[in-house]
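Going left to right, the sequence shown walks through residues -24 to -1, 1 to 391 as mature numbering (1 follows the signal peptide of the UniProt record, and there is no 0) numbers them. The beta carbon of each residue, even a glycine, is placed where N, CA and C say it ideally should be. Taking it in order: structure first as structure tokens, then the write-up.
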Amino acid sequence: MKVRSIMGALCAAGLMAGAVAAQAAENVTVLHWWTSGGESKAVGVLKDDLQKQGYVWKDFAVAGGAGAAAMTALKTKVISGDAPSAAQIKGPLIQDWADQGVLVNIDSAATDWKQNLPPEIDKIIKYKGHTVAAPFSVHRVNWLYVNKAALDKIGAKVPTTWPEFFAVADKLKAAGIQPVAMGGQPWQDLTLWEDVVLSQGPAFYKKALVDLDQATLTSPQMLSVFDTVRKIQGYFDTGRNGRDWNLATAMVINGKAGMQFMGDWAKGEFENAGKKAGKDYICAPVPGTANAYTFNVDSFVFFQQKGEKNATPGQLALAKTIMTPAFQEQFSLLKGSVPVRLGVKMDKFDDCAKKSYADEQTAIKSGGFVPSLAHGMAQGDATAGAITDVVTKFMNSQQDSKSAVAALAKAAKVK
């Protein structure tokens, strides 16, 4: 069931009639899908911080499907009138849920947020001028991970342009090393594709993937994007179908492959394997994207409790805690991200995170800070899904770039 149909279901069930007493603030039910090792530790910090304030954390973790299973569970809960206190929602979906009239604003907890958040993110968490979501951290999507030993073996430097990338890939191949490790899932295809779109410049990226400008989507530049993706595919191995992203990362870690396109969450795999940034592996912007930054920001939205229109004390405490400098630091250190709050000290972070944070500040000032389509920040589910289908079909067939561009323009009209 789509988010937009939930209000109708609520009304039909008679569950919107009248506000009743708010749920006790001492019980804060939190729906999320942070269930892996590092993610679980990160959310555990929030649980501990909230319980120290006298509230009881009720964990509602739903694993699987990159949040898809959690969204199904959430819709069921909201329709039945048993919405969680908070739920992990991001990007345009925040606005979709707010449109249903089922969220509460957390303005009183967010009095200093505007000056401490990038403008692009402050906009995402607001609805009709009110703050309805609390942001956690920023993941940079446009990273290229490189095995340093493999790079040293061929006497090459980290590529910063596509010609340099293909030259390095050829040398790796000649040395018996798989040039590129790639998984075989639609979101991974879209991640690579949007990386190449970004390499055309952040202004082009915004027009194409944020504004969905038809002239941009059908331009010669977009044709070259598909051509470049097809050329990159020539450096994949034949066993990528169905492969998870972390298994592709393992190929780079163990030296079977030289490079991988993946967001900064991949860094946790290197760390778990005892590898050090700068020594064992290198993280660098995708070729052509040094001055740009595709962001992926997780956040919590807060639901009305038993029809109560105002946020409970527990909800406000949760929101305040999420945006404190101390929590922002602790959470990102465990999650592999960087703090979404500006001005948090980066002393304890590794070289990759420090570079990510510095590049973020530069991109914000230059206009290169853009939302990731592949990770739910740029478009709603219907549009993003239609574009994903186009990219996945292209990358798993012999379709030519011209027909893929035509299909892309059509997919961008899906709402």
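request  = List the endpoints of the continuous beta strand (DSSP E) containing I258.
outcome  = Y257 to P261
May I have the straight-line CA-CA distance separating T204 from A191, to the nearest angstrom? Answer to the nearest angstrom: the Cα atoms are 20 Å apart.
Alpha helix (DSSP H) segment containing S61, residue limits
Neither: S61 is in no alpha helix (DSSP H) and is coded neither H nor E.
If we count the other Cβ atoms within 10 Å of its Cβ and call it buried at 16 or more, is K324 buried or exposed? Exposed, since its Cβ has fewer than 16 Cβ neighbours within 10 Å.
Q | Neighbour-count burial assignment, S379, 16 or more Cβ in a 10 Å radius | A | exposed
Item checked: One or two residues paired with W138 in a DSSP bridge -> W138 is not bridged to any residue.
If you count every other CB in all the chains shown that lies within 10 Å of the CB of Q154, and 16 or more means buried, which is it? buried
Check whether the Cβ atoms of G264 and T136 sit closer than 9 Å, and answer yes or no. yes
CB contact flag (V80, K34, <9 Å): no
### Message
I need the DSSP call for P196, collapsed to helix, strand or coil.
### Response
It is helical.
Going by beta carbon distance, what residues of the same chain come within less than 6 Å of A(-1), once the five residues before and after it are set aside? Because the pLDDT at A(-1) is just 44, under 50, the model does not fix this residue reliably, and the point stays unresolved.
Q | Member of F142, K51, N3 and F202 whose CA lies at the smallest distance from the CA of Q374 | A | F202
Which value, in whole angstroms, describes the spacing of the CA atoms of V19 and A143? Looking at the backbone, the Cα of V19 and that of A143 are separated by about 42 Å.
* Where in the region 86 to 139 do unbroken runs of the alpha helix (DSSP H), each at least 4 residues long, occur, reported from the N-terminal end onward? -> 95 to 100 and 124 to 129
- request: Give every residue of the same chain whose Cβ lies closer than 6 Å to the Cβ of D171, excluding the five residues on either side of it in the sequence, and list them in chain order.
  value: N118, F237 and V262
First and last residue of the beta strand (DSSP E) that includes L7?
N3 to H8
Discussion item. Here's the rule: buried if 16 or more other CB atoms are within 10 angstroms of the residue's CB, otherwise exposed. What is M(-24)?
Written reply: With a pLDDT of 45 at M(-24), under the threshold of 50, the modelled position of that residue is not reliable, and the figure given next carries that caveat. Label assigned to M(-24): exposed.
Taking all protein chains shown into account, do 16 or more other C-beta atoms lie within 10 angstroms of the C-beta of G67, making it buried, or fewer, making it exposed? buried
Contact under 9 Å by Cβ, G254 with D327
yes
Using C-beta distances below 6 Å, list every residue in its chain close to A260, excluding the 5 sequence neighbours before and after it, in chain order. L120 and V134
Practice prompt. Return the CA-CA distance between K53 and P60, expressed in angstroms with no decimal places.
Written response: In a straight line, the C-alpha of K53 is about 7 Å away from that of P60.
Contained alpha helix (DSSP H) runs [length at least 4] in the region 267 to 315, N- to C-terminal order
With a minimum length of 4 residues, the continuous alpha helix (DSSP H) runs that stay inside the region 267 to 315 are 289 to 298 and 301 to 311.
Checklist entry - Can you tell me the Cα-Cα spacing of E96 and Q64, whole angstroms? => result 19 Å
Q: Go through its chain and collect everything with a Cβ distance to V186's Cβ below 6 Å, but skip five positions before and after it.
A: A354
Cross-strand partners of K34 (DSSP beta bridge) | T5
- For the beta strand (DSSP E) that M235 lies in, which residues bound it at each end? A233 to F237
Open item on the list: For K391 and A358, which I take to be in contact (beta-carbon distance under 8 Å), what is that distance rounded to the nearest angstrom?
Closed with: The pair is a contact, with the Cβ atoms about 6 Å apart (cut-off 8 Å).
**Report entry** Residues bridged to F345 (per DSSP)
**Finding:** Y269
- Query: CB-CB under 7 Å to T107, same chain, minus the five flanking residues each way: which ones, in chain order?
  - Reply: N81, I82, D83, A86, W89 and I101
- Message: If you reduce the DSSP assignment to three classes, tell me which class Q209 lands in.
- Response: Q209: helix per DSSP, three-state reduction.
If distances are taken between C-alpha atoms only, which option among K296, I363, P301 and W163 comes closest to G239?
When each option's Cα is compared against that of G239, the closest is W163.
Self-check item: Distance, G43 Cα to A334 Cα
Solution: 29 Å
Is the region 290 to 310 touching the region 12 to 28, taking contact as three or more C-beta pairs under 8 Å?
yes
Whole-Å CB distance - G160 paired with R216, under 8 Å assumed:
4 Å
Subject >> For Q154, the three-state DSSP class (helix, strand or coil) >> reply: strand
| D376 to N286 span [Cα, whole Å] | 54 Å
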